[in-house]
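Heads up: the sequence shown begins at 611 in the numbering used here, then just goes up one per residue.
To start, the structure under review is shown below, and the notes come after it.
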Amino acid sequence: MSTANDLPFKVLADTFEALESITSRTQMTNILVSLLKKTPPEIIDKVVYIIEERLWPDWKGLPELGVAEKSIIKAIAVATGQSDDIVEKTAKTLGDLGKAAESLISVSREKQKKAATLLSFVSTKRELTVSRVYETLARIAMAQGEGSKDIKIRLLSGLLTESSPKEARYIVRFVEGKLRLGVGEATLMDALAIAFGGGSFARPIIERAYNLRADLGEVAKVVAAKGIEELKALKPVVGIPIRPMLAERHNNPEEILEKVGGVGFVEYKYDGERAQIHKRGSEVIIYSRRLENITHQYPDVVDYARRGVRADEAIVEGEIVAVDPDTGDFKPFQELMHRKRKYDIQAVVKEIPVRVFLFDILYANGVDYTVKPLPERRRALEEIVERNEGLDIAEYITVKTPGDLEKFFMEAIGNGAEGVMVKALHKDSIYQAGTRGWLWIKYKRDYRSEMIDTVDLVVVGAFYGKGRRGGKFGALLMAAYNEEKDVFETVCKVGSGFTDEDLNKLPDILKPYIMERKPVRVVSNIEPDVWVEPKLVAELIGAELTLSPLHTCAVGKIRGDAGISIRFPRFIRWRDDKGPEDATTSSELVEMYKSQLKKIAEKPSEGEAV
């Protein structure tokens, strides 16, 4: 039986079923508002995590569920008294392991009812609650090492035995990683603002709190229990990563300076791994752009920061750059991938030494610097940093003219940087955590010609190949992220640039994300052979940006009936360091297209490719 501080899991299952049947974001928000209002504050974080298809924030570094498909099948078999073969056949027939569990448990329940009637007793099966489900799933995730497979099966089968058919459908889908409700972070934040903030006007407060905590479950718990005013008082905390501020891109020095208010703070843009470094006493934690704990990859950076950041508590941000141990020259970002080794890290440290170039401070000794303008943040950064052999502050100048910006840009390129970052200096130049805007603008070397610059796009579909690629995937449907609508809009179909090894690995890479129908957050006029949940990010290059009536990226922004596409796209590499919301945005592609038009205005028109 549920308590006042819990919620029947049936409520969650009914909500998920309702969400499955709709595509309207407004309707989704209303359904979520209803759910959140009836959820006790004590467990609202668990409800939010389950909706997000996780047990806890990724940055905590806790284990994932780690239950293989065969183990899920075994658990269903144990719970229903069926064989593994029957479960597998049912799943193939219904096309969904969750529906197979629902169907077989329904049959099992009917048999139990008949048996109970014949024996003249009433079933006293207790009601399954959110806490019970969450705690069991957490125990499954925490089961590690020898014998853990059997423990996971036993725990999951026990949970399914207690569940109703519908509850079983969603428990299995969650464990399998295929819940796929189509609810993004933006929609959840809208719902929290309406449910506990009094309306959509509270959304910026919810979003800022999330950007400072990177934990929407915790934000939900605070606002549900203590109200919106409590969120306004949140400050950064050492050990909890802050979602990074993001930049727009542009290639015209004059327009760049106009956008930042006429005066720009310009610093080198290094080709490295962005890092958020947290220091408390002698403890140092390093988080990646995606807020993953990467401390173990950089023991040398831990030492540099421990010696060079002179504050009891601080959160600073910088770029980790690989350097040639013989010459000290910068090496490309790809070299840092060797640092992902879990073993022999000390050997890799010697092979691929790094330097850290700090460019911002977010917190120090009780002061929240995210609300301070850039000049104040930079002064504070320079005050607490003592440079050493591996720790430095990014090269920078202040410029007022396009000529000075161009000169410093060329200097940066000549010194091995990939371009410059131009930042606003005015009174509103705060650190906008988790936000992309014109306070920061990337000006990179590659922007100076027709689409030599790369873009990071999200896989949303796949096509089977022909000829030599027959029988396996030969191309991918790629999309940009529309941050205003919280959807992914198609840009191109890419089939070149893949090595044979890349193509052979595609089935395994895509398998966890393949869907039967178009993902809710994908906007596409093209029907691929296989739909793919928008999770994987890849870096692409192309000949030029063009207009296409087939693709949905920024439709109407340039011409009413066409979206932006890439002509002759080519795959370069997977971007495991970026999440789907970190991909190139539709608005960025609009700016890139407009910049391209200015460059080719004097060239003969070759027409628009479709």
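The beta carbon of each residue, even a glycine, is placed where N, CA and C say it ideally should be.
The model shown is predicted, which means the values in this text are computed figures rather than measured ones.
Distance between beta carbons of residue j and residue i, contact taken as under 8 angstroms
{"i": "Thr739", "j": "Leu769", "result": "Rounded, the Cβ-Cβ distance is 12 angstroms, inconsistent with contact."}
{"i": "Asn821", "j": "Ala685", "result": "Going by Cβ atoms, the distance from Asn821 to Ala685 rounds to 38 angstroms, so no, they are not a contact pair."}
{"i": "Glu1154", "j": "Arg1177", "result": "5 angstroms"}
{"i": "Met1202", "j": "Trp1050", "result": "Not quite, the Cβ-Cβ distance comes to about 16 angstroms (not below 8 angstroms), so this is no contact."}
{"i": "Phe1018", "j": "Ser1106", "result": "Actually they are not in contact, since the Cβ atoms of Phe1018 and Ser1106 sit about 36 angstroms apart, beyond 8 angstroms."}
{"i": "Arg1131", "j": "Asp1096", "result": "7 angstroms"}
{"i": "Ala1089", "j": "Pro1012", "result": "About 34 angstroms separates the two Cβ atoms, so there is no contact after all."}
{"i": "Ile895", "j": "His888", "result": "4 angstroms"}
{"i": "Val870", "j": "Lys1010", "result": "Not a contact, Cβ separation roughly 11 angstroms."}
{"i": "Val657", "j": "Leu704", "result": "In fact, because the Cβ distance is near 27 angstroms, the residues do not count as touching under 8 angstroms."}
{"i": "Ile683", "j": "Glu698", "result": "6 angstroms"}
{"i": "Gly1071", "j": "Val1142", "result": "6 angstroms"}
{"i": "Leu1086", "j": "Ile1136", "result": "About 12 angstroms separates the two Cβ atoms, so there is no contact after all."}
{"i": "Val643", "j": "Ala805", "result": "5 angstroms"}
Beta-carbon proximity check, residue i vs residue j, cutoff 8 angstroms
{"i": "Ala990", "j": "Val964", "result": "no"}
{"i": "Val833", "j": "Leu802", "result": "yes"}
{"i": "Phe943", "j": "Glu883", "result": "yes"}
{"i": "Ser1224", "j": "Asp624", "result": "Because the chain in this structure spans residues 611 to 1220, residue 1224 falls outside the shown range and cannot be described."}
{"i": "Tyr1041", "j": "Thr1195", "result": "no"}
{"i": "Lys776", "j": "Glu627", "result": "yes"}
{"i": "Ala830", "j": "Ile653", "result": "no"}
{"i": "Ser898", "j": "Leu984", "result": "no"}
{"i": "Ala1004", "j": "Leu968", "result": "yes"}
{"i": "Ala689", "j": "Val782", "result": "no"}
{"i": "Lys759", "j": "Ser681", "result": "yes"}
{"i": "Met638", "j": "Thr771", "result": "no"}
{"i": "Val958", "j": "Arg951", "result": "yes"}
{"i": "Lys879", "j": "Ala701", "result": "no"}
{"i": "Leu766", "j": "Val785", "result": "yes"}
{"i": "Val1200", "j": "Ile1174", "result": "yes"}
{"i": "Gly671", "j": "Asn903", "result": "yes"}
{"i": "Ala751", "j": "Glu674", "result": "yes"}
When the options are compared against residue i, the one with the closest alpha-carbon
{"i": "Cys1102", "options": "Lys1115, Pro1138, Met1125, Ile1124", "result": "Pro1138"}
{"i": "Pro1122", "options": "Asn1135, Val1069, Pro1159, Glu1093", "result": "Val1069"}
{"i": "Glu1298", "options": "Ile750, Asp760, Pro1179, Leu642", "result": "Since the first residue of the chain shown is 611 and the last is 1220, residue 1298 is not available in this structure."}
{"i": "Ile1119", "options": "Val1104, Val1133, Lys1128, Leu1146", "result": "Leu1146"}
{"i": "Lys788", "options": "Ala628, Arg818, Arg779", "result": "Arg779"}
{"i": "Asp970", "options": "Val697, Arg949, Ala701, Glu993", "result": "Glu993"}
{"i": "Glu864", "options": "Leu1015, Lys879, Ile850, Pro651", "result": "Leu1015"}
{"i": "Pro667", "options": "Leu826, Arg635, Leu704", "result": "Leu826"}
{"i": "Ile815", "options": "Ala824, Lys842, Leu798", "result": "Lys842"}
{"i": "Arg949", "options": "Ile1007, Val911, Gly1081, Ile683", "result": "Val911"}
{"i": "Glu840", "options": "Glu828, Gly849, Glu893", "result": "Glu828"}
{"i": "Lys836", "options": "Pro651, Ile930, Gly918, Gln886", "result": "Pro651"}
{"i": "Ile660", "options": "Gly705, Lys699, Pro851, Val743", "result": "Val743"}
{"i": "Ser634", "options": "Ala687, Gly792, Glu1191", "result": "Gly792"}
{"i": "His1036", "options": "Thr1064, Val981, Leu645", "result": "Val981"}
{"i": "Arg916", "options": "Pro935, Glu893, Arg900, Asp934", "result": "Glu893"}
Where residue i falls, given that 16 or more other Cβ within 10 Å makes a residue buried
{"i": "Asn1025", "result": "exposed"}
{"i": "Leu1207", "result": "exposed"}
{"i": "Tyr908", "result": "buried"}
{"i": "Val926", "result": "buried"}
{"i": "Pro1214", "result": "Annotation note: pLDDT 42 at Pro1214 (below 50); position unreliable, coordinate value reported separately. When all chains shown are included, Pro1214 counts as exposed."}
{"i": "Gly891", "result": "exposed"}
{"i": "Ala1114", "result": "Note on identity: in this sequence residue 1114 is Asn, with Ala being the wrong assignment. Answer is exposed; the Cβ neighbour count stays below 16."}
{"i": "Ser1205", "result": "buried"}
{"i": "Pro1129", "result": "buried"}
{"i": "Lys845", "result": "exposed"}
{"i": "Met611", "result": "With a pLDDT of 38 at Met611, under the threshold of 50, the modelled position of that residue is not reliable, and no figure is offered here."}
{"i": "Arg823", "result": "buried"}
{"i": "Gln692", "result": "buried"}
{"i": "Tyr1057", "result": "For Tyr1057, the pLDDT reaches just 41, beneath the cut-off of 50, and the residue's location in the model is therefore unreliable, although a value from the coordinates is still provided. Tyr1057 comes out buried."}
{"i": "Arg853", "result": "buried"}
{"i": "Leu867", "result": "buried"}
{"i": "Ser1059", "result": "At Ser1059, the pLDDT of 41 sits below 50, so the modelled position is not reliable and the matter cannot be decided from this model."}
{"i": "Thr1008", "result": "exposed"}
Strand pairing of residue i, partner residues [DSSP]
{"i": "Tyr1053", "result": "Val1030"}
{"i": "Arg1169", "result": "Ala1172"}
{"i": "Gln886", "result": "Tyr897, Glu927"}
{"i": "Tyr1006", "result": "Glu877"}
{"i": "Phe806", "result": "Paired residues: none, contrary to the question."}
{"i": "Thr1195", "result": "Tyr1091"}
{"i": "Arg859", "result": "Lys1052"}
{"i": "Asn903", "result": "Tyr897"}
{"i": "Pro618", "result": "Thr739"}
{"i": "Lys1103", "result": "Leu1087"}
{"i": "Ala932", "result": "Val964"}
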